[in-house]
Amino acid sequence: MITNFAFVQLAPGGPIENIAAKLQGLNTDATSRISGSAGGASEGKSDLNRTAVCKETPKYRGTQGLDPDLIKSLEKQFGFDQPMGTRFLKMMKNYLTFDFGKSFYRDEKVIDIIASKLPVSMSLGIFSTLIIYLVAIPLGIKKAITNGSKFDTVSSYFIIIGYAIPAFLFAIFLIIVFCGGRYLGLFPLRGLVSDNWNEMSFVGKIADYLWHLCLPVTAMVIGGFASLTMLTKNSFLEELGKQYVLTARAKGCSEHRVLYKHVFRNAMLIVIAGFPSALVNMLFTGSVLIEVIFSLDGLGLLGFEAVVNRDYPIMFATLYIFGLLGLVLNIVSDLTYHLVDPRIDFKAR
């Protein structure tokens with residue numbers, strides 16, 4: 000949080016510059032418009048007519064010609080009249096109680112905005128990660144067992160091709176083919192649920208929800224199999240060549256017992272270690288373009304808009320939540336180590 004807060008202060012542009020550009024008729028938005036409640040823009044337009052040209056070098060870029068009193072009022076509104084250290088300490092004190100304040104450009108609490116976007120990103124991230132792990136791990140084990148066979152070679156070709164296709168390009172292809180573009184109209188083009196979702200039965204709601212998720216999730220997982228599959232395969236191959244495997248086989252253990260009783264828990268440690276970062280990536284950073292293409296209003300799109308529009312409360316709130324969730328998932332990952340291999344107990348030796 001300290002590092003990102005410092006970098007944001009050094010980055011060019013900011014909410015005051017955005018307001019100044021708006022007052023001068025310049026469009027600086029990403030995908031949404033700044034409302035009239037955004038930092039007194041409506042008040043600023045009337046002040047612009049009676050502006051006194053500032054003869055000094057302006058503190059903010061693009062504010063030449065604006066009334067200095069207007070700039071000071073904007074500074075006070077956004078909290079920039081306080082030193083940087085004071086602003087950071089105040090922000091972190093509020094964040095400890097999950098008080099993220101209000102958005103600069105929306106008349107809503109940041110926590111309410113994030114909560115409204117969370118179901119979309121959670122849906123995409125959780126389903127994508129589960130599908131990738133449920134397919135890639137068995138596939139990696141199968142490739143390790145049949146290393147060098149025709150199945151291993153052919154599956155590697157398909158995995159590499161899938162990895163080479165960008166998710167957003169594959170998403171466009173799916174829309175053209177399956178969303179009534181040129182060929183089939185089997186899936187909806189946008190949204191997470193249909194307009195009449197509230198009128199459906201419980202089973203109908205679930206079916207409609209999964210129907211809308213099918214193509215976005217497919218686009219997200221197409222390139223996600225490669226690294227995990229190859230990681231699983233290489234981990235198993237490394238373990239299969241060790242002495243304890245030869246000993247277990249010499250004792251007459253079945254191949255299934257050797258693989259899933261002895262090899263599995265050792266080979267899966269490195270796979271489990273990457274689960275937190277994979278889930279966080281899928282939840283919050285890997286779905287921006289997918290959300291845009293399929294018109295899904297989630298956290299990825301929200302974070303992108305916040306960065307472009309310099310909506311600092313949303314930027315730092317999402318960063319705080321992502322970081323906190325990452326730490327929690329790392330703890331879960333460490334506990335999972337012990338479940339997979341009870342010999343790992345985290346005690347000092």
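Residue numbers for the sequence shown follow numbering that gives the first Met the number 0, beginning at 0 and rising by one. Note that beta-carbon positions come from the ideal geometry of N, C-alpha and C, so glycine has one too. On a predicted model such as this, the values are computed, not experimentally measured, just so you know.
query, result
"Cα-Cα separation, tyrosine 156 to arginine 342", "38 Å"
"Whole-angstrom distance between phenylalanine 263 and serine 34, CA atom to CA atom", "Because the pLDDT of serine 34 is 38, which lies under 50, any placement of that residue in the model is unreliable, and the number read from its coordinates should be weighed accordingly. C-alpha separation (whole angstroms): 56 Å."
"Inter-stretch contact (C-beta, 8 Å, three-pair minimum) for the segment 168-179 and the segment 209-220", "yes"
"Span of the alpha helix (DSSP H), counted from its first residue to its last, around serine 200", "Here serine 200 belongs to no alpha helix (DSSP H), and DSSP marks it neither H nor E."
"Assigned secondary structure, glycine 299 (DSSP; H/G/I helix, E/B strand, else coil)", "helix"
"Outcome for proline 165 when other beta-carbon atoms lying within 10 angstroms are tallied against a minimum of 16", "exposed"
"Residue of Glu290, Val202 and His255 minimising C-alpha distance to methionine 219", "Glu290"
"Cα-Cα separation between valine 109 and leucine 123, rounded to whole angstroms", "21 Å"
"Within 8 Å, strictly: CB atoms of leucine 278 and valine 287", "no"
"Coarse secondary structure for isoleucine 1, derived from DSSP in three states", "helix"
"Element boundaries [alpha helix (DSSP H), containing alanine 162]", "According to the sequence provided, residue 162 is tyrosine. The question's alanine does not apply to it. Taken as a continuous stretch (DSSP letters only), the alpha helix (DSSP H) holding tyrosine 162 covers 149-163."
"Exposure of alanine 10, with buried meaning 16 or more beta-carbon neighbours within 10 Å", "exposed"
"Stretch pair the segment 248-261 + the segment 330-340: three plus CB contacts closer than 8 Å", "no"
"Outcome for lysine 116 when other beta-carbon atoms lying within 10 angstroms are tallied against a minimum of 16", "buried"
"Span of the alpha helix (DSSP H) around histidine 337", "311-339"
"Contact the segment 219-238 vs the segment 196-208: 3+ CB pairs below 8 Å", "no"
"Residues bridged to cysteine 178 [DSSP beta-bridge criterion]", "Gly184"
"Three-way DSSP call (helix, strand, coil) for lysine 260 in this model", "helix"
"Distance CB(isoleucine 113)-CB(leucine 326) smaller than 8 Å", "no"
"Given methionine 267 as reference, the closest of Leu168, Ala135, Asp80 and Lys71 once Cα atoms are compared", "Ala135"
"Test item: CB-CB of phenylalanine 4 and phenylalanine 87 under 8 Å", "yes"
"When Asp194, Lys92, Asp80 and Gly13 are compared against tyrosine 319, the one with the closest alpha-carbon", "Lys92"
"Same chain, Cβ closer than 6 Å to leucine 138, five either side skipped, listed in chain order", "Thr228"
"Distance between lysine 149 and isoleucine 271 (C-alpha atoms, nearest Å)", "28 Å"
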